[in-house]
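Peer 1: Starting off with a structure, shown below.
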Amino acid sequence: TRVGEPEIVGEFKRRGGDLGGEENGGVMFFDWSMCREGIFTSLKFLEALAESGKKTSEFNATLPLYFQVKERVPCPNELKAKVMEELEREFSSYPLDRTDGVKVLMEDGWLLLRPSGTEPIFRCFAEARTERRAKQLAELGLGKLKEVMGRVG
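Each residue of the sequence shown is one higher than the one before, starting from 750 at the first, in my numbering.
Okay, here's the thing in structure tokens:
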């Protein structure tokens, strides 16, 4: 979905589901509430932990490990649309998800470049199974973003 609690709730209403969340840690349990609820999320974690019979460290070790890098680059609002067009061209050889920005999908991770809706910046998010690869993806994204901004600005 696009970024934002209303977008996630809207998608839930269209498609159904039990759980929604955002990268920032906000989690929604739709059978409980249509908004992020930190206390309920904590209780659900404790419930899963108790049911597993494991220590927290043992339980966490069963979960997949991913690394994220988040960066931001100043960008005047009036350039954002043109920058987006150019980024799509720059990454056209990769599978792209254009739901909310330009998300470049790779076998070993992904890179998302999106204009902020509230600030004159572009955000760069990268995720991979290793910290090194996440940093490489972020560097790729930041490099292309700065290159494109230099051309259109």
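For each residue, glycine too, the CB sits at the ideal point set by N, CA and C. All figures in this text were calculated on a predicted structure; none of them were measured in a lab.
Quick check: what's the CA-CA separation for residue 814 versus residue 825?
Peer 2: For this step, residue 814 is matched to residue 65 along the sequence shown. For this step, residue 825 is matched to residue 76 along the sequence shown. Residue 814 and residue 825: Cα-Cα distance of roughly 35 Å.
Peer 1: For residue 868, does the count of other Cβ atoms within 10 angstroms reach 16, so buried, or fall short, so exposed?
Peer 2: Residue 868 sits at position 119 when you count from the first residue of the sequence shown. With fewer than 16 Cβ atoms within 10 Å of its Cβ, residue 868 is classed as exposed.
Peer 1: Alpha carbon to alpha carbon, what distance is there between residue 861 and residue 850?
Peer 2: Mapped onto the sequence shown, residue 850 falls at position 101. Mapped onto the sequence shown, residue 861 falls at position 112. Each residue's Cα considered, the two are about 7 Å apart.
Peer 1: Drop a sphere of 10 angstroms on the beta-carbon of residue 856, count the other beta-carbons inside from all chains shown, and report buried for 16 or more, exposed for fewer.
Peer 2: Residue numbering aside, residue 856 sits at position 107 when the sequence shown is read from its first letter. Exposed, because fewer than 16 other Cβ atoms sit within 10 Å of the Cβ of residue 856.
Peer 1: At what residues does the alpha helix (DSSP H) containing residue 880 begin and finish?
Peer 2: The residue labelled residue 880 in the question sits at position 131 within the sequence shown. Looking at the DSSP string, the run of the alpha helix (DSSP H) that includes residue 880 is 880-901.
Peer 1: Rounded to whole angstroms, what is the Cα-Cα separation between residue 794 and residue 810?
Peer 2: Position 45 of the sequence shown, counted from the first residue, corresponds to residue 794. Position 61 of the sequence shown, counted from the first residue, corresponds to residue 810. Residue 794 and residue 810: Cα-Cα distance of roughly 14 Å.
Peer 1: Helix, strand or coil for residue 827, going by three-state DSSP, please let me know.
Peer 2: In the sequence shown, residue 827 corresponds to position 78, counting from 1. Helix at residue 827.
Peer 1: Helix or strand or just coil, what does DSSP make of residue 787?
Peer 2: In the sequence shown, the residue the question calls residue 787 occupies position 38. Three-state DSSP puts residue 787 in a helix.
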